[in-house]
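Q: So the mapping is simple: our numbering equals the position in the sequence shown, first residue as 1, plus 65.
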Amino acid sequence: MGRIVKYLFMSFVLLTFILISFNFSIAQVIDSDNDGWPDQYEEKLGADPKDSINTPDPLADDDLDGLLNEKEKDWGTDPTDPDTDNDNLSDYQEVTWEKSDPCDADSDNDGLNDFNEILNGTNPRRPDSDGDGWLDKAEVDAASDPNDYSSTPKDHK
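(1) Excluding five sequence neighbours on each side, which residues of the same chain lie with their C-beta closer than 8 angstroms to the C-beta of Leu133?
(2) Do Pro189 and Ser172 have their CB atoms nearer than 7 angstroms?
(3) Among the candidates Asn181, Asp139 and Glu135, whose CA atom is the shortest distance from the CA of Asp206?
(4) Check each candidate in Asp179, Asp175 and Ile118 and name the one with the smallest Cα separation from Asp148.
(5) Identify, in the order they occur along the chain, each residue of the same chain with its Cβ nearer than 6 angstroms to the Cβ of Asp143, setting aside the five sequence neighbours on each side.
(6) Work out the CA separation of Val160 and Asn119 for me, nearest whole Å.
(7) Nearest-angstrom Cα distance between Pro211 and Asp201?
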């Protein structure tokens, strides 16, 4: 029974991630001048979305987070905000080091934001880092070790 519940939960998490990602990508598609830069990015970076000659500098880093404007566009992050999802990890850190979603403060939807995942040594891409059937946040809240399969919240009551 536990496997079925875990499978259903993981399916729900995956479906939610896909739907959120799909909706975000639809919002970015409008490119009035067909220059490869979505209008929302051109407006944020001071370029004219109706003039294909006046485009943002792809090699600039307007928010000084270490991620070039072109990469911000590719990842769907805000080129004027160094931490698009406000999880205390810069967009650059999430894309380069942690491999977490810079547009989602809790990439694996386990209730523990990506910054706290790093502080606890858990994986921001796995809701149950140690595979014991307990979400990382539940383990942290119960003073259980989210990185130790044999340590579970029920052992710490």
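Backbone N, C-alpha and C fix where the C-beta goes; we use that ideal spot for every residue, glycine too.
Model, not experiment: these values are computed from the prediction.
A: Taking the coordinates as given:
(1) Position 68 of the sequence shown, counted from the start, is the residue given in the question as residue 133. Within the same chain, Pro123, Leu124, Ala125 and Asp126 come within 8 angstroms of Leu133 by CB-CB distance, once the 5 residues on both sides are set aside.
(2) Locating residue 189 in the sequence shown gives position 124, where the first residue counts as 1. Locating residue 172 in the sequence shown gives position 107, where the first residue counts as 1. If you check the CB distance, Pro189 and Ser172 come in under 7 angstroms.
(3) Reading the sequence shown from its first residue, position 141 is the one you call residue 206. Of the candidates Asn181, Asp139 and Glu135, the one whose C-alpha sits nearest the C-alpha of Asp206 is Asn181.
(4) Here residue 148 refers to the residue found at position 83 when the sequence shown is read from its first residue. When only C-alpha atoms are compared, the closest one is Asp179.
(5) For this step, residue 143 is matched to residue 78 along the sequence shown. These residues qualify, in order along the chain: Thr149.
(6) In the sequence shown, counting from the first residue as 1, residue 119 sits at position 54. In the sequence shown, counting from the first residue as 1, residue 160 sits at position 95. Each residue's Cα considered, the two are about 28 angstroms apart.
(7) Position 146 of the sequence shown, counted from the first residue, corresponds to residue 211. Position 136 of the sequence shown, counted from the first residue, corresponds to residue 201. C-alpha separation (whole angstroms): 5 angstroms.
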